[in-house]
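Trainee:
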Amino acid sequence: MLSADPAYDDIPNSRPYAPLYRSCASHCTSAWHSGPNKLAALSTKPLFLALTALVGAYLLWYHLPASLEFYPHLSPSWTSSDPTMSSEHASAQGWHARANPHPSAASFAPTKDALVFAALLNAPADPQGFTLALFEPDLAVDARGRVLQLRPQDFSRLAALAREAAQLPDTGSIMNAWRVAHDRTSQKIDRLFVKTPGGDVRETSVQGWHSEKKQLKTAVAGHQELPPVLQELFGDIQEGRTDFVRGQEENDDLISQVKTLVGN
1 MLSADPAYDD
11 IPNSRPYAPL
21 YRSCASHCTS
31 AWHSGPNKLA
41 ALSTKPLFLA
51 LTALVGAYLL
61 WYHLPASLEF
71 YPHLSPSWTS
81 SDPTMSSEHA
91 SAQGWHARAN
101 PHPSAASFAP
111 TKDALVFAAL
121 LNAPADPQGF
131 TLALFEPDLA
141 VDARGRVLQL
151 RPQDFSRLAA
161 LAREAAQLPD
171 TGSIMNAWRV
181 AHDRTSQKID
191 RLFVKTPGGD
201 VRETSVQGWH
211 SEKKQLKTAV
221 AGHQELPPVL
231 QELFGDIQEG
241 RTDFVRGQEE
251 NDDLISQVKT
261 LVGN
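Numbers 1 to 264, taken from the UniProt record's numbering, label the letters of the sequence shown in order.
1. Checking 9 Å against the spacing of the C-beta atoms, do G129 and R246 come in under that value?
2. Which residue marks the beginning of the beta strand (DSSP E) containing V141, and which one marks its end?
3. Thinking C-beta only, is D154 closer than 9 Å to R98?
4. What does DSSP give as the partner residues of S135 in its beta bridges?
5. For K188, does the three-state DSSP call read helix, strand or coil?
6. Quick one: what does DSSP say E164 is sitting in, helix, strand or coil?
7. Given this structure, state the Cα-to-Cα distance separating E136 from N176, to the nearest angstrom.
8. For P228, which of helix, strand or coil comes out of DSSP?
9. In whole angstroms, what separates the C-alpha of S91 from that of P124?
10. Out of L121, Q167, K112 and R179, which one is the CA nearest neighbour of Q224?
11. Which value, in whole angstroms, describes the spacing of the CA atoms of D252 and V194?
12. Rounding to the nearest angstrom, what Cα-Cα distance links N264 and L192 in this structure?
13. Given this structure, state the Cα-to-Cα distance separating Q167 from K112, to the nearest angstrom.
14. Could you tell me the alpha carbon to alpha carbon distance between residue 298 and R163, rounded to whole angstroms?
15. For the alpha helix (DSSP H) holding W209, just list the boundary residues, first then last.
16. Taking contact to mean at least 3 C-beta pairs separated by less than 8 Å, is the region 146 to 153 in contact with the region 93 to 107?
17. Three or more beta-carbon pairs under 8 Å between the region 106 to 122 and the region 212 to 230, yes or no?
18. Helix, strand or coil for Q248, going by three-state DSSP, please let me know.
In structure tokens, the structure reads:
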């Protein structure tokens, strides 16, 4: 039942359909008090029907979101704000924070069959460093030797980037490194080892990766800047060193096993 109750007066005048809303409410209230016959006659008029539909759309548009706050189980999938659910091509940035400790970490045994890629580090302070390895299904070993269960969307994105990176042309440099231009020399080298469909391991490295630097020291196959796939992937790989302190690894033996899989 529509009424002329003052509660309806809270509709902001800036909303374009508010005057129509009040007009329809006024007509309906008048018809109701004049008796059911007049209301029935009014309901057959095109203008009344149009105004009723407009008011219904208005209520749905402005009041449904507020209702869903109180009844979240009624919320449709398109209202989700979880960025990890948006697309298979969504960024994996933040994957480490979203991962969980694997419940059977103690019994995990890395195999080459399950390997997707491994990322090692060659730096002045850590020449034989280890950063990250990915294994099917949805597993990762980080720099501290922790076995993590990744969200499927994050795992898929990381794996897709690694496989795309393995298809880039050779650089002609040692470790097949793409060298980012820096003012200082002796930049670290992040080394990526990706298992190919044939079972071999292909290395692609980036020397001097930096979140804000892309210009290459020497162009590679027409590339003046670090390819976007490498810029994104090696940024994601850095998360594997979250909370890492050299000498305080939790599972040195596991890290050694992973390195052996890629010949290091």
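Glycine is no exception: its CB is placed at the ideal position from the N, C-alpha and C atoms.
Mentor: Let me spell this out:
1. As a first step, residue 129 must be located in the sequence shown, where it is residue number 129. As a first step, residue 246 must be located in the sequence shown, where it is residue number 246. A contact, by the Cβ cut-off of 9 Å.
2. Counting from one through the sequence shown, the residue named residue 141 turns up at place 141. V141 -> beta strand (DSSP E) spans L139 to D142.
3. As a first step, residue 98 is located in the sequence shown; it is residue number 98 there, counting from the start. As a first step, residue 154 is located in the sequence shown; it is residue number 154 there, counting from the start. Cβ atoms of R98 and D154: closer than 9 Å.
4. The residue you call residue 135 lines up with position 135 of the sequence shown. It is worth fixing the name first, because residue 135 is Phe in this sequence and not Ser. Looking at the DSSP assignment, F135 forms a beta bridge with L115 and L139.
5. Position 188 of the sequence shown, counting from 1, holds the residue named residue 188. Reduced to three states, the DSSP call for K188 is coil.
6. Here residue 164 refers to the residue found at position 164 when the sequence shown is read from its first residue. In this structure, E164 counts as helix in the three-state DSSP scheme.
7. On the sequence shown, position 136 is the one that residue 136 refers to. On the sequence shown, position 176 is the one that residue 176 refers to. Each residue's alpha carbon lies about 26 Å from the other.
8. For the purposes of this step, residue 228 is taken as the residue at position 228 of the sequence shown. Here P228 sits in helix by DSSP.
9. Numbered from its first residue, the sequence shown carries residue 91 at position 91. Numbered from its first residue, the sequence shown carries residue 124 at position 124. Rounded to whole angstroms, S91 to P124 spans 30 Å at the Cα level.
10. One-based indexing of the sequence shown puts residue 224 at position 224. Nearest option by C-alpha distance: R179.
11. Against the sequence shown, residue 252 aligns to sequence position 252. Against the sequence shown, residue 194 aligns to sequence position 194. Taking the straight line joining both Cα atoms gives about 22 Å.
12. Stepping through the sequence shown from its first residue, residue 264 is reached at position 264. Stepping through the sequence shown from its first residue, residue 192 is reached at position 192. Taking the straight line from one Cα to the other gives about 12 Å.
13. If you number the sequence shown from 1, residue 167 lands on position 167. If you number the sequence shown from 1, residue 112 lands on position 112. One C-alpha to the other measures close to 20 Å.
14. Lying outside 1 to 264, the shown extent of the chain, residue 298 is not represented and no answer is given.
15. By one-based count along the sequence shown, residue 209 stands at place 209. From DSSP, W209 is part of no alpha helix (DSSP H); its letter is neither H nor E.
16. yes
17. no
18. Taking the first residue of the sequence shown as position 1, residue 248 is located at position 248. DSSP places Q248 in coil when its eight states are reduced to three.
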